[in-house]
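Undergrad:
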Amino acid sequence: MSACASARAYDPSLPKVSVRKADSEEIKSFGPTFKTNPFLEPATLLGGKKNEFFVVRIDLNLDRPMNVNVDAFAQVPSGGVAPNVLTRYSLIELWEFIDEGARTGDFEKRKTTAEINAIPSLAFSESPGRKRYYLVFSGKFPIKKPVTYHVSVFLSSGESESFQETVAQ
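Convert by adding 125 to the 1-based position in the sequence shown; the result is the number in the numbering used here.
1) May I ask which residues mark the beginning and end of the alpha helix (DSSP H) holding I223?
2) Would you mind reading off the limits of the beta strand (DSSP E) that contains I183?
3) By how many angstroms is the C-alpha of V210 removed from the C-alpha of V261?
4) DSSP state of F249, grouped into three classes?
5) Which residues in the same chain have their Cβ closer than 7 angstroms to the Cβ of S281, if we skip the five residues on either side of it in sequence?
6) In whole angstroms, what separates the C-alpha of M126 from that of G204?
7) Please name the residue in K174, K265, V276 and Y259 whose C-alpha comes closest to that of E151.
8) For S149, which three-state DSSP category applies?
9) Excluding the 5 residues preceding and the 5 following L247 in the sequence, name in chain order all residues of the same chain whose CB lies nearer than 8 angstroms to its CB.
10) Going straight from the alpha carbon of F222 to that of S138, what length do you get?
11) So, helix, strand or coil for F279, using DSSP?
In structure tokens form, the structure reads like this:
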């Protein structure tokens, strides 16, 4: 299931919204390396890991058009720099910066994947049906630990779902 024009129909047996950490297998399903997969951390053999990502999966199951609001932030110890929350276009901008503006076929594939699957913004309208989006937290490697990620999703119908996870190492 992905957030695309052929999204699946509303299913009354499922919750209207669910939020959880994306598992590594589903992230890898978008491509085996960061060259084509916008949800994998950039790394090079010589430079190593440059950024650290934490990816959250948001599933929507809407019976009618709704407004969706997302509150997302990360908490780090004193003196640490909290990771940024990246929505669709800020994720694409990050990759443009990392790629130094190069527009290769790999870049275009990664951009298209982000356009389809990354959460559009922290406040948006969504049509009925089942959609899946990914929200990315990104910080310079290494992010000071422990870091606690918080994501709450609010629907205009009144339903909401919250997620919190602390990464100690």
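We treat Cβ as the ideally placed atom computed from N, Cα and C, and that holds for glycine.
TA: Taking the structure as given:
1) Along the sequence shown, one-based indexing puts residue 223 at 98. Counting along the chain, the alpha helix (DSSP H) containing I223 begins and ends at R213 to I223.
2) Numbered from 1 along the sequence shown, position 58 holds the residue referred to as residue 183. Membership of I183 in the beta strand (DSSP E) is indicated by the continuous run N176 to L187.
3) In the sequence shown, the residue the question calls residue 261 occupies position 136. In the sequence shown, the residue the question calls residue 210 occupies position 85. Between V261 and V210, the C-alpha separation is close to 6 angstroms.
4) As a first step, residue 249 is located in the sequence shown; it is residue number 124 there, counting from the start. Strand at F249.
5) As a first step, residue 281 is located in the sequence shown; it is residue number 156 there, counting from the start. Excluding residues within five positions, the ones whose Cβ falls inside 7 angstroms are M191 and N192.
6) Numbered from its first residue, the sequence shown carries residue 126 at position 1. Numbered from its first residue, the sequence shown carries residue 204 at position 79. Bear in mind that a pLDDT of 44 at M126, under 50, signals an unreliable position, so the number given afterwards is only what the model happens to contain. Going from the Cα of M126 to the Cα of G204 covers about 40 angstroms.
7) Reading the sequence shown from its first residue, position 26 is the one you call residue 151. The shortest Cα separation from E151 among K174, K265, V276 and Y259 belongs to Y259.
8) Stepping through the sequence shown from its first residue, residue 149 is reached at position 24. S149 falls in the helix class under three-state DSSP.
9) By one-based count along the sequence shown, residue 247 stands at place 122. The residues are N194, V195, D196, A197, V210 and T212.
10) For the purposes of this step, residue 222 is taken as residue 97 along the sequence shown, with counting starting at 1. For the purposes of this step, residue 138 is taken as residue 13 along the sequence shown, with counting starting at 1. Whole-angstrom Cα-Cα distance: 42 angstroms.
11) Here residue 279 is taken as the residue at index 154 of the sequence shown, counted from 1. Correct three-state label for F279: strand.
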